[in-house]
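Quick note, the sequence shown lines up with residues 361 to 556 if you use the numbering used here.
See structure below.
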Amino acid sequence: MAEPSSNSPRLPLPDGLVPEEVVVRTEKRWFMIMAAMLVVMMAVIVATGITGALHPSSNVEVIDPTTLHLQGEFIESNLGTAFEPDGSVTVRIIAEQYEFVPQCLQVPVGTPVKFRITSADVVHGFLLPDTNVNTMVVPGFVSEVRTRFSKQGDFAMPCHEFCGLGHHAMWAHVRVVPKERLGNPTSLARVTCATQ
Ligand code: CUA
């Protein structure tokens with residue numbers, strides 16, 4: 361017989377049947393460890409969700425993706441950044457193979473911003489790196505994400521759901537600028553980079 365190796369268990373395993381009280385004790389310990397892990401993971405999800413203002417990936421608002429260009433909120437003249445009476449802004453975007461419309465957006469710094477985005481064809485993704493903005497864009501639904509940009513700058517906005525052969529080229533830009541740059545807050549005109 362070979363010598364027991366150095367990593368063999370300190371206590372020899374019992375021969376034959378393991379006594380029931382040992383089984384019960386061991387299972388109780390594993391159950392407690394597993395329950396503790398679940399509690400910790402739930403706490404992490406809740407804490408990061410609250411501190412990072414994260415949202416569920418989509419809400420349940422429905423829309424007909426086949427008539428976006430004909431009627432309703434997402435007609436072409438209503439896309440882009442719009443001022444609300446309370447001083448916040450709403451940005452409306454369509455995602456389609458393989459572009460975001462408008463392709464470049466301007467939003468004010470230090471102001472509540474609400475993105476409303478929907479898809480005209482397949483599932484796309486809408487992500488602004490280093491912010492809480494990260495949502496799937498599903499045809500038939502309106503995804504809404506709220507945020508506030510604390511400093512000026514340019515964000516590259518990649519589509520992060522594989523949506524077809526042109527997926528890798530589906531990028532847009534969000535430009536965070538001083539509020540004055542966006543013009544008259546009472547204007548009903550929609551703002552994009554092209555209108556500046
Ligand atoms: Cu759109 Cu990937």
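All C-beta atoms, glycine included, are put in the ideal place defined by N, C-alpha and C.
Predicted model only: the values in this text are computed from it and were never measured.
As an exercise, report each continuous beta strand (DSSP E) stretch of at least 3 residues that is fully enclosed by the region 417-449, in chain order. Along the length of the region 417-449, whole beta strand (DSSP E) runs at least 3 residues long occupy 440-443, reported in chain order.
Can you check which of these residues, P499, F509, F460, is closest to V469 by C-alpha distance? In the sequence shown, residue 469 corresponds to position 109, counting from 1. Closest option to V469, Cα to Cα, is F509.
Could you give the first and the last residue of the continuous alpha helix (DSSP H) run that contains M394? In the sequence shown, counting from the first residue as 1, residue 394 sits at position 34. Residues 380-411.
Taking the straight line between their C-alpha atoms, what separation do you get for R476 and T386? Numbered from 1 along the sequence shown, position 116 holds the residue referred to as residue 476. Numbered from 1 along the sequence shown, position 26 holds the residue referred to as residue 386. C-alpha separation (whole angstroms): 52 Å.
Buried or exposed, going by whether 16 or more other CB atoms sit within 10 Å of the CB of R452? The sequence position of residue 452 within the sequence shown is 92, counting from 1. Counting Cβ neighbours within 10 Å, R452 comes out buried, since at least 16 surround it.
Is C519 near ligand 1 - that is, is its Cβ less than 7 Å away from at least one heavy atom of it? Reading the sequence shown from its first residue, position 159 is the one you call residue 519. Distances between the C-beta of C519 and the heavy atoms of ligand 1 include at least one below 7 Å.
Is DSSP giving H520 helix, strand or coil here? Along the sequence shown, read from residue 1 onward, the residue named residue 520 stands at position 160. It is coil, neither helix nor strand.
H484 lies in the beta strand (DSSP E); which residues open and close that run? As a first step, residue 484 is located in the sequence shown; it is residue number 124 there, counting from the start. Residues 484-487.
Using a Cβ-based criterion (distance less than 7 Å to any ligand heavy atom), does F522 qualify as near ligand 1? What you label residue 522 is simply residue 162 of the sequence shown in a count that begins at 1. F522: yes, Cβ under 7 Å from ligand 1.
Among C523, R535, P489, which has the Cα closest to the Cα of P462? Your numbering for residue 462 matches position 102 in the sequence shown. Looking at the Cα atoms, R535 is the closest of the given residues.
Can you tell me the Cβ-Cβ gap for P518 and S479, rounded? I've got them flagged as a contact below 8 Å. As a first step, residue 518 must be located in the sequence shown, where it is residue number 158. As a first step, residue 479 must be located in the sequence shown, where it is residue number 119. Between P518 and S479, the beta carbon gap of about 15 Å keeps them out of contact (Cβ cut-off 8 Å).
With distances taken from CA atoms, which of V467, E459, E504, N544 is nearest G526? Counting from one through the sequence shown, the residue named residue 526 turns up at place 166. In terms of Cα proximity to G526, the closest of V467, E459, E504, N544 is E459.
When burial is assigned at 16 or more other CB atoms within 10 Å of the CB, is S437 buried or exposed? Looking up residue 437 in the sequence shown gives position 77. Around the C-beta of S437, fewer than 16 other C-beta atoms lie within 10 Å, and the residue is accordingly described as exposed.
Going by C-alpha to C-alpha distance, which of I435, V420, P489 sits closest to T427? In the sequence shown, residue 427 corresponds to position 67, counting from 1. The shortest C-alpha separation from T427 is found at I435.
If contacts are defined as beta-carbon pairs under 8 Å, then T471 and S448 qualify, I think. What distance do you get, rounded to the angstrom? Within the sequence shown, the letter at position 111 stands for residue 471. Within the sequence shown, the letter at position 88 stands for residue 448. 6 Å between Cβ atoms; contact.
Which one of E444, V482, L487 has the shortest CA to CA distance from R550? If you number the sequence shown from 1, residue 550 lands on position 190. Between R550 and the set E444, V482, L487, the nearest pair of CA atoms involves E444.
According to the Cβ coordinates, are H528 and F515 closer than 8 Å? As a first step, residue 528 is located in the sequence shown; it is residue number 168 there, counting from the start. As a first step, residue 515 is located in the sequence shown; it is residue number 155 there, counting from the start. It is not a contact, given that the beta carbons lie outside the stated cut-off.
With a threshold of 8 Å between beta carbons, is M517 in contact with chain B? Chain labels in this structure do not include chain B; a single protein chain is all it has.
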